[in-house]
Amino acid sequence: MDITIAIDAMGGDHGPHVTVPAALKALESDDQLNVVLVGLSDAIKAELKAHKAQVNTRLRIHHASEVVTMDESPQSALKNKKDSSMRVAINLVKSGEAHACVSAGNTGALMATARFVLKTLPGIDRPAIASVLPSEKGNTYMLDLGANADCTPEHLY
């Protein structure tokens, strides 16, 4: 089964300089993966060209005209950046064009936007952040890496 991931190509401290090569490496390692790079088309195309790569059946670009900065408040991003690469990537999940979204951008804005656009599952009050950690027996998956400092027992159950 093919999986499509929408990547906020503008996210993180270095944007497409990091996200585009990472996406290309992921595509090399999994032939059932499809990637949608979301962000400023010209910047993404320039980075693809620098890596001698181009759009194909497994890799496409979806333009978004705005970028959420790392120091922007979640409220500002949610209210003022409706065409941000982050929000457009999340909207691709909502519409079913992508199975998941990945962003290395502003964590608070990502959580607020995802919660607003996608909502949460019944019985889940807050989204959690997941990370893969290497261990002696392979990978370990950990949820909620400190994003919610004020948790009740109900939130953690």
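Under our numbering, residues -17 to 139 are what the sequence shown spells out, in order. Cβ atoms here follow ideal geometry from the backbone N, Cα and C, with glycine treated the same way. Just so you know, these numbers come straight off a predicted model, no measurement behind them.
Between Ile(-11) and Ala5, which are expected to be in contact by the criterion C-beta below 8 Å, what is the C-beta distance as a whole number of angstroms? Working through the sequence shown from its first residue, we reach residue -11 at position 7. Working through the sequence shown from its first residue, we reach residue 5 at position 23. In this structure, Ile(-11) and Ala5 form a Cβ contact; the two beta carbons are roughly 6 Å apart against a cut-off of 8 Å.
For Arg69, three-class secondary structure by DSSP: For this step, residue 69 is matched to residue 87 along the sequence shown. Helix, per DSSP.
Just reading off the alpha helix (DSSP H) that Asp(-10) is part of, what are its end residues? Indexing the sequence shown from 1 puts residue -10 at position 8. Taken as a continuous stretch (DSSP letters only), Asp(-10) belongs to no alpha helix (DSSP H), being part of the beta strand (DSSP E) at -15 to -10.
Helix, strand or coil: which one does DSSP assign to Arg40? In the sequence shown, residue 40 corresponds to position 58, counting from 1. Judged by DSSP in its simplified three-state form, Arg40 adopts coil rather than helix or strand.
What do you reckon, are the CB atoms on Ala71 and Ser85 nearer than 8 Å? Within the sequence shown, residue 71 is the residue found at index 89, counting from 1. Within the sequence shown, residue 85 is the residue found at index 103, counting from 1. Their beta carbons are under 8 Å apart, which means Ala71 touches Ser85 by this criterion.
Segment limits, beta strand (DSSP E) that includes Asn121: If you number the sequence shown from 1, residue 121 lands on position 139. 120 to 125 is the extent of the beta strand (DSSP E) around Asn121.
Would you tell me roughly how many angstroms separate the C-alpha atoms of Asp53 and Asp107, rounded to the nearest one? For this step, residue 53 is matched to residue 71 along the sequence shown. For this step, residue 107 is matched to residue 125 along the sequence shown. In a straight line, the C-alpha of Asp53 is about 25 Å away from that of Asp107.
Tell whether a beta-carbon distance below 8 Å holds between Gly(-7) and Met68. One-based indexing of the sequence shown puts residue -7 at position 11. One-based indexing of the sequence shown puts residue 68 at position 86. Going by C-beta atoms, Gly(-7) is nearer than 8 Å to Met68.
N-terminal and C-terminal residue of the alpha helix (DSSP H) that Pro3 is part of: Position 21 of the sequence shown, counted from the start, is the residue given in the question as residue 3. Annotation: the continuous alpha helix (DSSP H) that includes Pro3 extends over -2 to 11.
If we count the other Cβ atoms within 10 Å of its Cβ and call it buried at 16 or more, is Cys133 buried or exposed? Position 151 of the sequence shown, counted from the start, is the residue given in the question as residue 133. By the neighbour-count rule (16 or more Cβ atoms within 10 Å), Cys133 is not buried but exposed.
Inside the segment 43 to 109 only - beta strand (DSSP E) runs reaching at least 3 residues: You should have 82 to 84.
Taking only the alpha-carbon atoms, compute the straight-line gap between Ala8 and Ser77 and give it to the nearest angstrom. Working through the sequence shown from its first residue, we reach residue 8 at position 26. Working through the sequence shown from its first residue, we reach residue 77 at position 95. Roughly 23 Å between the two C-alpha positions.
Once DSSP output is grouped into helix, strand and coil, what is the label at Leu22? Here residue 22 refers to the residue found at position 40 of the sequence shown. Leu22: coil per DSSP, three-state reduction.
The beta strand (DSSP E) enclosing Ala112, as first and last residue numbers: Walking along the sequence shown from the start, residue 112 turns up at place 130. For Ala112, the enclosing beta strand (DSSP E) has its first and last residue at 112 to 117.
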